[in-house]
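Peer 1: Under this note's numbering, think of the first position of the sequence shown as 427, with each following residue one higher.
Each residue gets a CB set at the ideal place from its N, CA and C atoms; glycine is no exception.
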Amino acid sequence: ASGGRPCDAKDFGHGSLVCVCSATYCDTLEPVELPAPGSYLKYVSSKAGKRLEHSQGSFQHNTRSPDFHLTLDTAQRYQKVKGFGGSVTDSAAINIQSLSKEAQNHLIRSYFSEEGIEYNLVRVPMASTDFSIRLYTYADAENDFELKHFNLTEEDTRMKV
427 ASGGRPCDAK DFGHGSLVCV CSATYCDTLE PVELPAPGSY LKYVSSKAGK RLEHSQGSFQ
487 HNTRSPDFHL TLDTAQRYQK VKGFGGSVTD SAAINIQSLS KEAQNHLIRS YFSEEGIEYN
547 LVRVPMASTD FSIRLYTYAD AENDFELKHF NLTEEDTRMK V
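#1: Any chance you could list the beta strand (DSSP E) runs of at least 3 consecutive residues sitting entirely within the region 501-567, in chain order?
#2: Which of the three DSSP states, helix, strand or coil, is assigned to D582?
#3: With a CB to CB cut of under 8 Å and the five nearest residues on each side skipped, what residues in its chain are close to Y562?
#4: Tell me whether H487 sits in a helix, a strand or coil according to DSSP, three-state version.
#5: Going by DSSP, which residues form a beta bridge with C445?
#6: Count the other C-beta atoms from every protein chain shown that fall within 10 angstroms of the C-beta of P432, then say buried if there are 16 or more, exposed otherwise.
#7: State the start and end residues of the unbroken beta strand (DSSP E) segment that holds Y451.
#8: Quick check on DSSP: helix, strand or coil for V470?
#9: What is the DSSP secondary structure of E572, reduced to helix, strand or coil?
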């Protein structure tokens, strides 16, 4: 992709804008390129309508006494990030499946492709969650400690697996 496609903003009257992603159009991001040493990329989203608008800047050495001091020690690692993602619950899957195939493809690309936010992890909850249309577990038989009645449900095989 040579550049991003802008947000097709819509106001639902609640004080902020949303980007519309449909079967015919979905906004995309410009490919992210690492900035040169001594510079940074800044992405801004706002209630007023900015959606991952990016700009580039340079770090400047201030010889005067700064009000803010930031030290980066790239040799010290406190944690390892495996990736970024979200959760696919029953309610999310139901909503995704209600879209046309073209809209589903745009939605999936907007989350997982280089033109999107590049998610690389998905959490799939076990059994029902808060907004499932019914409550269920994988072992609904009382006192079945050996899980002889364990089974995946229709929600799993149709929407999650």
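Peer 2: Quick answer:
#1: 511-513, 547-549
#2: On the sequence shown, position 156 is the one that residue 582 refers to. Correct three-state label for D582: helix.
#3: Working through the sequence shown from its first residue, we reach residue 562 at position 136. Closer than 8 Å at the Cβ level, and outside the excluded window around Y562, lie A553, S554, T579, E581.
#4: Position 61 of the sequence shown, counted from the first residue, corresponds to residue 487. If DSSP states are grouped into helix, strand and coil, H487 belongs with coil.
#5: Position 19 of the sequence shown, counting from 1, holds the residue named residue 445. Looking at the DSSP assignment, C445 forms a beta bridge with A435.
#6: Translated into the one-based positions of the sequence shown, residue 432 becomes position 6. Under this definition P432 is an exposed residue.
#7: Along the sequence shown, read from residue 1 onward, the residue named residue 451 stands at position 25. Counting along the chain, Y451 falls outside any beta strand (DSSP E), and DSSP gives it neither H nor E.
#8: Translated into the one-based positions of the sequence shown, residue 470 becomes position 44. Of the three classes helix, strand and coil, the one that applies to V470 here is strand, per DSSP.
#9: For the purposes of this step, residue 572 is identified with residue 146 of the sequence shown, where counting begins at 1. Three-state result, E572: coil.
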